[in-house]
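Here is the structure we will look at, set down as structure tokens.
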Amino acid sequence: MTSAPTTMRTKKRTFVPRRTPLVLLLVFLLLLLAGIAVNEPARVLEQARSVCLPCIGIG
Amino acid sequence: MERLRLWIQALWFFLSNGYWAFPVSGTLYQGPLKVLCSPGLNCYSCPAATTFCPVGSLQQLLLGVRLSLQNGQAYVGSYVVGCMGLLGTVFGRLICGWACPFGLVQDLLHRIPSPKVPIPKGLAWGKHLVLLFLVVLLPLTVLDDFGLGLPWFCKFLCPAGTLEAGLPMLLLMPDLRPAAGILYLYKLSVLALVLLWSVASFRPFCRTLCPLGAFYGLFNRVSLIRLKFDADNCTKCGACRRICPVDIRVDRSPNSGECIRCLRCCTEACQFDALAVEIAGHVWQARPVPPEQPVR
Chain A
42 MTSAPTTMRT
52 KKRTFVPRRT
62 PLVLLLVFLL
72 LLLAGIAVNE
82 PARVLEQARS
92 VCLPCIGIG
Chain B
2 MERLRLWIQA
12 LWFFLSNGYW
22 AFPVSGTLYQ
32 GPLKVLCSPG
42 LNCYSCPAAT
52 TFCPVGSLQQ
62 LLLGVRLSLQ
72 NGQAYVGSYV
82 VGCMGLLGTV
92 FGRLICGWAC
102 PFGLVQDLLH
112 RIPSPKVPIP
122 KGLAWGKHLV
132 LLFLVVLLPL
142 TVLDDFGLGL
152 PWFCKFLCPA
162 GTLEAGLPML
172 LLMPDLRPAA
182 GILYLYKLSV
192 LALVLLWSVA
202 SFRPFCRTLC
212 PLGAFYGLFN
222 RVSLIRLKFD
232 ADNCTKCGAC
242 RRICPVDIRV
252 DRSPNSGECI
262 RCLRCCTEAC
272 QFDALAVEIA
282 GHVWQARPVP
292 PEQPVR
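Residue numbers (the working numbering), protein chains in the order written: chain A, 42 to 100; chain B, 2 to 297.
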């Protein structure tokens, strides 16, 4: 698959910050921090370090 | 741009599966990096996997949520959902196009010369149903006598797990081979079907069955990185629609949840500055050079 050559440039336009992604970032950051607060990463790590037999089609 | 995308996909493939000592150690990677979330679908039971799979981990937490709450541990999946949501809010389905190991496998298979078959649009709903039922509701509600659920998606559907973990683990651990029965054969059949379908159609798993793609797709309209369509510059030539590998009407819904952000419409098709990439409010345009203006 060949691709056409491209020129890359940045157009100067008015910067308009959007509120929705910022709110979502905040919400999910809080969720992540809540998970860290209850030590969920340790549980995730424990699971990820072992073989999930059903996941590989055994058991 | 397609070549760049391929290289970045390959880079992510090896970053997500960078533990190459497994043939010697005979085990999975056990290091601290596994606390990090893989952006794409990448089975953490793969012996080379260096990060956790968000879909697999979320199911594991949900299927044991009652027991953990009874034991006073609030493992309800907020860390995993937080990671997924942050990735989705920043990148949307750009991850599917540029950083998913199983997406790379499908892309490479689709390059095999063969008759190509479009995917009916109605099948796109499948991945939302998979996310809702196999990843969330069934692991939460169908419980055994001990109060534990099953990882339905991983156990009964995920072809990435079979390819990246099922096959290598059976090669690596001969003790497991006698335990491989009907379920293993069924999962091999699912994998074979998806791989064959990938030769004929572009990204069939991502477009019809992938729960992670369904989740990231929810963010495509609002993510920090998204497409910007300028109707004033559009000549309605249809070049963007013709080049789109996932059959989106780019001029009507440039931020459709189906778009995997391959960016071919921006970099190879539109000659009129009607399409650009918006990165946190800043517009970046990569326009194909017309034949009469060669690059110097």
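From the three backbone atoms N, C-alpha and C, an ideal C-beta is built for every residue, glycine too.
According to DSSP, which residues form a beta bridge with residue i?
i: residue 35 of chain B; result: Looking at the DSSP assignment, residue 35 of chain B forms no beta bridge with any residue, so it has no partner.
i: residue 188 of chain B; result: Residue 188 of chain B pairs with nothing; no bridge assigned.
Would the beta-carbon of residue i fall within 9 Å of that of residue j?
i: residue 128 of chain B; j: residue 51 of chain B; result: no
i: residue 74 of chain B; j: residue 84 of chain A; result: yes
i: residue 255 of chain B; j: residue 228 of chain B; result: yes
i: residue 33 of chain B; j: residue 86 of chain A; result: yes
i: residue 64 of chain B; j: residue 150 of chain B; result: yes
i: residue 284 of chain B; j: residue 61 of chain A; result: no
i: residue 42 of chain B; j: residue 103 of chain B; result: yes
i: residue 169 of chain B; j: residue 38 of chain B; result: no
i: residue 62 of chain B; j: residue 45 of chain B; result: no
i: residue 105 of chain B; j: residue 85 of chain B; result: no
i: residue 99 of chain B; j: residue 183 of chain B; result: no
i: residue 82 of chain A; j: residue 36 of chain B; result: yes
i: residue 172 of chain B; j: residue 99 of chain A; result: no
i: residue 58 of chain A; j: residue 282 of chain B; result: yes
i: residue 17 of chain B; j: residue 107 of chain B; result: no
i: residue 162 of chain B; j: residue 96 of chain A; result: yes
i: residue 101 of chain B; j: residue 152 of chain B; result: no
i: residue 88 of chain A; j: residue 147 of chain B; result: no
i: residue 92 of chain A; j: residue 29 of chain B; result: yes
i: residue 73 of chain A; j: residue 87 of chain B; result: yes
i: residue 65 of chain A; j: residue 220 of chain B; result: yes
i: residue 49 of chain B; j: residue 94 of chain A; result: no
i: residue 252 of chain B; j: residue 267 of chain B; result: no
i: residue 2 of chain B; j: residue 165 of chain B; result: no
i: residue 167 of chain B; j: residue 196 of chain B; result: no
Examine the ligand FAD and report whether any of its heavy atoms sits within less than 8 Å of the Cβ of residue i.
i: residue 236 of chain B; result: Looking at this structure, you won't find the ligand FAD or any other ligand, since it has none at all.
Contact the region 150-164 of chain B vs the region 183-196 of chain B: 3+ CB pairs below 8 Å: Taking a cut-off of 8 Å for Cβ pairs, the region 150-164 of chain B and the region 183-196 of chain B touch, as three or more such pairs fall below it.
4-residue-minimum alpha helix (DSSP H) runs that sit fully inside the region 36-108 of chain B, ordered along the chain: Counting only runs of 4 or more residues that sit fully inside the region 36-108 of chain B, the alpha helix (DSSP H) segments are 55-64, 66-71, 79-92 and 95-99, in chain order.
Sufficient close CB pairs (3 or more, under 8 Å) joining the region 76-84 of chain B to the region 240-250 of chain B: In short, these stretches do not touch, since the Cβ pair count stays below three.
Residues in the region 211-224 of chain B having any Cβ partner in chain A nearer than 8 Å: Cβ contacts with chain A come from 220, 223 and 224.
contact_flag[the region 268-286 of chain B, the region 232-242 of chain B] where n(CB pairs < 8 Å) is 3 or more: Segments in contact, yes.
Every unbroken alpha helix (DSSP H) within the region 211-283 of chain B, with a cutoff of 4 residues, ordered by chain: For the region 211-283 of chain B, whole alpha helix (DSSP H) runs of length 4 or above, ordered along the chain, are 212-218 and 240-244.
Segment contact flag, the region 83-99 of chain B with the region 258-272 of chain B, C-beta cutoff 8 Å, min 3 pairs: Three or more beta-carbon pairs separated by less than 8 Å link the region 83-99 of chain B to the region 258-272 of chain B, which places the two stretches in contact.
Contact the region 22-31 of chain B vs the region 202-216 of chain B: 3+ CB pairs below 8 Å: They do not touch, by the three-pair rule.
Any 3 or more C-beta pairs closer than 8 Å across the region 213-221 of chain B and the region 122-138 of chain B: As far as the Cβ criterion goes, the region 213-221 of chain B touches the region 122-138 of chain B, which means the pair count is three or higher.
Cβ-based contacts, 8 Å cut-off: residues of the region 187-203 of chain B near chain A: Residues 187, 188 and 189.
Residues of the region 144-158 of chain B whose Cβ lies closer than 7 Å to any Cβ of chain A, in chain order: So the close ones are 151, 152, 155 and 156.
Residues from the region 39-54 of chain B in contact with chain A, defined by Cβ distance under 7 Å: So the list reads 44, 45, 46 and 53, given in the order they occur along the chain.
Interface residues of the region 72-86 of chain B facing chain A [CB-CB below 9 Å]: Answer set for the region 72-86 of chain B: 74, 75, 76, 77, 78, 79, 80, 81, 82, 83, 84, 85 and 86.
Whole alpha helix (DSSP H) elements within the region 63-92 of chain A, 4-residue minimum: Uninterrupted alpha helix (DSSP H) stretches at least 4 residues long and entirely within the region 63-92 of chain A occur at 81-89, given in chain order.
Chain-ordered residues of the region 23-36 of chain B with a beta carbon less than 7 Å from chain A: So the close ones are 29, 31, 35 and 36.
Cβ-based contacts, 8 Å cut-off: residues of the region 111-145 of chain B near chain A: Hits within the stretch, in order: 112.
Continuous alpha helix (DSSP H) assignments of at least 4 residues falling wholly in the region 126-151 of chain B: Those alpha helix (DSSP H) runs which fall completely within the region 126-151 of chain B and span 4+ residues are 126-130 and 139-142.
Chain A contacts made by the region 96-109 of chain B, where a contact means CB separation under 9 Å: Residues: none.
Near-chain A residues of the region 162-181 of chain B (beta-carbon distance less than 7 Å), N- to C-terminal order: Answer in chain order: 162, 163, 166, 167, 170, 177, 180 and 181.
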